[in-house]
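Worksheet: the structure to be examined is printed underneath.
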Amino acid sequence: MDEQSYKARRTTYMQRMKKRSVALFFSATQKTRSNDTEFPYRQDSDFYYLTGFKEDNSVLLLVKEKKSTKEILFVQKKDPTLELWTGKRLGKKEAQKRFLVDKIFLTQRLHVTLKKLFRDKKRVYLDLSCEEKNCLHVAFSFAMNELISQKLERLDVRDISRKMRAIKTPQEIALIKKALSITKEAHHKVMAMQKSGKMEYELQAEFEYLFKKNGAYSDAYTTIIAGGNNGNTLHYIQNDQMLQDGQLILIDAGCEYAMYASDITRTIPVNGVFSDTQKEVYELVLQAEMKVIEAMKEGVLRSDLQRMAREILCQGMVRLGILEGDVTTLLNEEKDKKYFPHGIGHWMGLDVHDPCPYKDKKGKELPLKSGMVMTIEPGLYLPLDDASVPQKYRGIAVRIEDNILVTKEGYENLSYAIAKSVEAIEALYSYT
């Protein structure tokens, strides 16, 4: 995206700010992995959303007076010694050429600038989780002290930006589609592989290789490769067991491209062919997923989609003998949640679980709107040690997940090209 796009976002943000206020956005900090080694750096999503800037030790200030606004960006100074070890910095001079803001200062001036700005303000927008994330600790502590001493109103800086992030622009949707095209190649490669006797981490390695080979920044979350009963652990990430012939593999894997996530789950047979029993469970989950997706349009509530998925899965579980009793009663008593314990889906964008609101300030659920991107991911989890489940279904876990864009006409399945029917998955398997 170009600088004009980020400028427009900042303008929109300031329009929603109260007068005589300051909003502070801190870049993410480096995270220690062990001793003096660090995790790969990943920018804070809200900071990036408003700047497109990936460097640490940076701060964005948005200032709203009675009749005017101002944008100030703080960047780290050029340091040849530091850059020898960690790479080039943009610096103040180049930042002035690039960013469409009113002022560029070095981060060292942040404390002084804040002191001046706070003098005649009534309120400050601040990320209250910053202290836990250690965001430029000295500057954050100063801001908090000024808030307390001057008795300024404290507002959450994320409230406005995360409402804005709920509606994706065409440029954002294009980046999500690119991420999904890379994710598709990886899923199809693994579907085609001969997998019996391989370790779960070998499949994980295929995903990570293809993500990076195709220019993806990284995986959007830790890849789940769950063979057999391991799929009944919802966030299974050990990925250290051998895949056995006759098992299903629940694979939850998606890449992050240019900061935007994809999030796809497919459940596939190790040997390339679903057994009749596996197919019964799989096609029930697939039916629920497809019906829920077809119901997506503007005005629909996420809770409506959750209810629909529960009803379809509960009816199917009664039919298969996994649950016994009247469907309505089972749903009212939430007996189905034993085997479908999670939500139907979540927002997705700059974060795989985009922290956009689901409810307004009064607690009323927000309806779907054009431009929102949501995952749809029903599942059934039938643990091996659950004696109440018919023997033939024990140890089966199935989840199917796609990424859906809400449109004026209804919906667009952004991940439609990733195989998910029994026939399409089996057709991809290579026996040679």
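Numbering-wise, the working numbering puts 323 at position 316 of the sequence shown, and it's gapless, one number per residue. Every residue gets a Cβ at the ideal spot worked out from N, C-alpha and C, and that includes glycine. In this text, all values refer to a predicted model and were calculated from it rather than measured experimentally.
- Judged by pairs of C-beta atoms under 8 Å, the region 272-287 touches the region 242-257, as three or more such pairs exist.
- The bridge partners DSSP lists for E101 come to none.
- Taken through DSSP and simplified to helix, strand or coil, Y216 comes out as helix.
- Taking 9 Å as the cut-off, the Cβ atoms of M266 and Y20 do not count as close.
- In the three-state DSSP reduction, M8 falls in the coil class, being neither helix nor strand.
- In this structure, the beta-carbon distance from I189 to Q211 does not fall below 9 Å.
- R130 is the residue among R130, S168, Q103 and A424 whose C-alpha sits nearest the C-alpha of A150.
- By DSSP's assignment, E160 forms a beta bridge with R130.
- Taking every protein chain shown into account, the CB of Q201 has fewer than 16 other CB atoms within 10 angstroms, so this residue is exposed.
- Just so you know, the alpha carbons of K286 and V405 end up roughly 10 Å apart.
- Per DSSP, reduced to three states, the secondary structure at D283 is helical.
- The Cβ neighbour count for K368, taken over all protein chains shown within 10 Å, is under 16; the residue is labelled exposed.
- In this structure, L391 sits near N236, with a CB-CB distance shorter than 9 Å.
- Between the region 394-411 and the region 213-230, the count of C-beta pairs closer than 8 Å stays below three; the two stretches do not touch.
- Annotation: Y289 to T382 spans about 18 Å, alpha carbon to alpha carbon.
- Under the three-state reduction of DSSP output, F125 falls in the helix class.
- When Cβ pairs closer than 8 Å are counted between the two stretches, the region 292-299 is seen not to touch the region 355-365, the count staying below three.
- As a beta-bridge residue in DSSP terms, C262 pairs with D226.
- Note: A268 is bridge-paired with E263 in the DSSP secondary-structure output.
- Under the 8 Å Cβ criterion, the region 340-347 counts as touching the region 313-323, having at least three qualifying pairs.
- Annotation for Y56: the continuous alpha helix (DSSP H) segment containing it runs S52 to T58.
- In the three-state reduction of the DSSP assignment, D166 falls in the helix class.
- When rounded, the separation of the alpha-carbon atoms in Y228 and A173 is 20 Å.
- For L387, the enclosing beta strand (DSSP E) starts and ends at G386 to L389.
- In this structure, L80 places its C-beta atom within 9 Å of the C-beta atom of V108.
- A Cβ-Cβ distance of about 6 Å is found for the pair L117 and V66, placing them in contact under the 8 Å criterion.
- In this structure, Q103 is the residue among L337, Q103, D43 and L89 with its C-alpha nearest to the C-alpha of E10.
- Judged by DSSP in its simplified three-state form, V288 adopts helix.
- Between E263 and V359, the C-beta gap is smaller than 9 Å, which places the two residues in contact.
- The DSSP-derived three-state label of A233 is strand.
- The bridge partners DSSP lists for D409 are I383.
- Under DSSP, E45 shares a beta bridge with T39.
- According to the DSSP assignment, I111 belongs to the beta strand (DSSP E) that extends over K110 to L113.
- Of the candidates Q22, L435, S12 and W354, the residue whose Cα lies closest to the Cα of I167 is Q22.
- Of the candidates W92, R161, I183 and M297, W92 places its Cα closest to the Cα of T44.
- Excluding five sequence positions before and after V197, the CB atoms of its chain that fall closer than 6 Å to its own CB belong to L210 and E213, given in chain order.
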